[in-house]
Amino acid sequence: MNENRDPGTGAPAPMLPNMSAKVHPTNDPKQEKGSVLAYASVDLGGCFAVTGIKIVEGKDGPFVAMPQRLGKDRQHRDICFPTTAAMREALNTIVMDAYRGELEQQAVRAAQAVERLTERSAAKPSVRDALQNAAKEAAARPAPAVTRSMNQGAR
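Basically the working numbering = 1-based index in the sequence shown + 474.
This is the structure:
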């Protein structure tokens with residue numbers, strides 16, 4: 475019965491919904507401070523979705539930034555955000571785990587692409603190699619003897 479209680483206060487702990495995240499990394503090779511590394515969307519329990527979440531490179535490493543809009547006072551304000559520390563931690567964990575998983579998948583796909591390209595280049599000789607081999611073979615062959623008779627070519 476105490477399993478749904480906050481250990482610090484003894485108050486009932488909020489039930490966290492099942493969450494899933496989808497992450498779409500950007501193609502920013504610089505990854506400078508303040509640059510967006512990826513965009514994410516989170517599904518909360520199959521009944522509420524949050525899109526426009528950003529993973530941003532900060533001075534202490536990447537962090538999750540909730541969707542924002544620019545207010546009349548020219549300040550950015552979060553549109554939606556977790557109201558409890560437990561929910562914030564769960565949301566950050568889900569998004570960052572999905573981001574790391576996507577980066578790992580991209581690394582695997584890149585390694586497979588390099589492997590396929592290596593296999594293709596080993597199987598197919600390049601045009602330059604083919605021309606060089608043909609020139610070597612032509613140089614190695616003896617020149618044909620040219621003999622002309624008086625009747626050939628005389629008109």
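Idealized CB from N, CA, C, for every residue including glycine. All of these numbers come straight from a predicted model, not from anything done at the bench.
- In this structure, V524 lies away from I568, with their beta-carbon atoms at least 8 angstroms apart.
- Per DSSP, the unbroken beta strand (DSSP E) holding L518 starts and ends at 510-518.
- The C-alpha of E593 is placed about 15 angstroms away from the C-alpha of R583.
- If the five residues before and after C554 are omitted, its C-beta is found closer than 7 angstroms to the C-beta atoms of V524, M540, P541, all from its own chain and listed in chain order.
- In this structure, the CA atom of P491 is about 19 angstroms from the CA atom of V538.
- Where L490 is concerned, there is no enclosing alpha helix (DSSP H), because DSSP gives it neither an H nor an E.
- Residue range 601-614 is occupied by the alpha helix (DSSP H) that includes V601.
- Secondary-structure assignment with DSSP links D552 through a beta bridge to Q542.
- Secondary structure note for A523: its beta strand (DSSP E) is the uninterrupted segment 522-532.
- Listed as beta-bridge partners of A495 by DSSP are V516.
- In its chain, beyond the 5 residues on either side, P556 have a beta carbon closer than 7 angstroms to the beta carbon of R562.
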